[in-house]
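Here's the structure, in structure tokens; my notes come after.
In my numbering, the protein residues as written are 124 to 484.
Okay, structure coming up:
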């Protein structure tokens, strides 16, 4: 069987074909359909233009005075965004193939007899078709209801005129809703960009803040190592001095111990002559050794290291005061640092004097 003849002869297939030829905006068969590139969906040119004008209110209409190069159009079927040139919707290609198919469908529909039940019937008068519209009650009805029924006192109008008016109103509402959806989508895109930029900027600021604190950590570590080295040097010098004294006192103690042993041995000497030969010199040596040592001593508090104590409370207060602020606060912070740097040399000089106190003795 030929495919085209079978398609036309089959009523359900014809209805399915007609559904494919419905504009998603006006819900009618396409009128002068235009194809939206690159998604290939079709719209009535008027519907597409109304939607485009609603989404781009400042775009220059044909013959208008506003000058713009183009605008953006979002397909109502797939939400794909297309950038228009200066011609707007009128720059889109007309789909002649779809127009020809619509003409064939309209001819076929006009040649088909009206099937029973396709036109809605009145519930009160089952043999009467609904052919008028009650403007007072805002419902469709039949002529018998107007003449004899519940709508005798109501104002009515031809069904076709109300049908066209409400269809136009619905089409305009759809265009407005599509335009509103485009604006909402634009806002969503802007908010998503705002989230992305917020994350990127936060990451950048965090890295910069970490870098600055790493510099502070490095300075503190360097200063800590420097001060610990000073304490270690002081410790080594004092220990060297004390250990030298200990060595001298040990040597003196060894000599004194040896002298005691010699004296004891002399006391055990039985011969008087032999004893007297060494006793005088031995007594003299013992007397001199008993007068006391003439070696150096450490003065009281020699082992004290309190002069290395640091007062870092002001530094701690300054660190606690670190916060994000204006440039004026940063300038004040810089001035405080300069004043502290000027005071630090004086403290260093005092420490130098303390370091040299015990060397003078």
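Even glycine gets a Cβ: it sits at the ideal position worked out from N, Cα and C. It should be emphasised that the depicted structure is a prediction, and the values quoted were computed from it without experimental measurement.
Through-space distance from residue j to residue i, alpha-carbon basis
i, j, result
"residue 446", "residue 440", "12 angstroms"
"residue 262", "residue 256", "6 angstroms"
"residue 299", "residue 244", "33 angstroms"
"residue 328", "residue 335", "11 angstroms"
"residue 162", "residue 201", "8 angstroms"
"residue 225", "residue 198", "21 angstroms"
"residue 383", "residue 374", "14 angstroms"
"residue 376", "residue 425", "23 angstroms"
"residue 406", "residue 372", "22 angstroms"
"residue 167", "residue 325", "47 angstroms"
"residue 204", "residue 258", "41 angstroms"
"residue 317", "residue 323", "10 angstroms"
"residue 313", "residue 301", "18 angstroms"
"residue 153", "residue 228", "12 angstroms"
"residue 348", "residue 311", "55 angstroms"
"residue 315", "residue 305", "15 angstroms"
"residue 434", "residue 331", "30 angstroms"
"residue 388", "residue 414", "22 angstroms"
"residue 268", "residue 291", "27 angstroms"
"residue 223", "residue 150", "19 angstroms"
"residue 362", "residue 430", "17 angstroms"
"residue 260", "residue 277", "8 angstroms"
"residue 370", "residue 356", "21 angstroms"
"residue 397", "residue 404", "13 angstroms"
"residue 253", "residue 140", "27 angstroms"
"residue 283", "residue 320", "55 angstroms"
"residue 309", "residue 169", "24 angstroms"
"residue 213", "residue 274", "47 angstroms"
"residue 423", "residue 444", "42 angstroms"
"residue 279", "residue 209", "46 angstroms"
Segment limits, beta strand (DSSP E) that includes residue i
i, result
"residue 150", "Element bounds for residue 150: n/a, residue is neither H nor E."
"residue 280", "279-281"
"residue 264", "262-264"
"residue 411", "Taken as a continuous stretch (DSSP letters only), residue 411 belongs to no beta strand (DSSP E), being part of the alpha helix (DSSP H) at 395-413."
"residue 196", "195-197"
"residue 158", "156-159"
"residue 257", "255-257"
"residue 205", "204-206"
Residue burial classification, residue i (beta-carbon count within 10 angstroms, cutoff 16)
i, result
"residue 391", "exposed"
"residue 159", "buried"
"residue 485", "The structure shown does not extend to residue 485, since the chain is modelled only from 124 through 484, so no value can be given for it."
"residue 178", "buried"
"residue 358", "exposed"
"residue 264", "buried"
"residue 211", "buried"
"residue 395", "exposed"
"residue 174", "buried"
"residue 344", "exposed"
"residue 215", "buried"
"residue 294", "buried"
"residue 143", "exposed"
"residue 239", "In this prediction, residue 239 has a pLDDT of 45, which is less than 50 and means its spatial position is unreliable; what the coordinates show is noted afterwards. It is exposed - the Cβ of residue 239 has fewer than 16 other Cβ atoms within 10 Å."
"residue 286", "exposed"
"residue 206", "exposed"
"residue 448", "exposed"
"residue 194", "buried"
"residue 438", "exposed"
"residue 307", "exposed"
Within 8 angstroms, strictly: CB atoms of residue i and residue j
i, j, result
"residue 281", "residue 217", "no"
"residue 412", "residue 379", "yes"
"residue 297", "residue 148", "yes"
"residue 266", "residue 251", "yes"
"residue 409", "residue 381", "no"
"residue 428", "residue 354", "yes"
"residue 247", "residue 288", "no"
"residue 432", "residue 365", "no"
Terminal residues of the alpha helix (DSSP H) in which residue i lies
i, result
"residue 442", "436-443"
"residue 170", "168-178"
Rounded Cβ spacing between residue i and residue j (contact assumed at less than 8 angstroms)
i, j, result
"residue 172", "residue 221", "At roughly 17 angstroms, the Cβ-Cβ gap does not stay under 8 angstroms, so residue 172 and residue 221 are not in contact."
"residue 368", "residue 418", "7 angstroms"
Within-8 angstroms CB hit, residue i to chain B
i, result
"residue 374", "Judged by its chain identifiers, the structure shown contains no chain B, having just a single protein chain."
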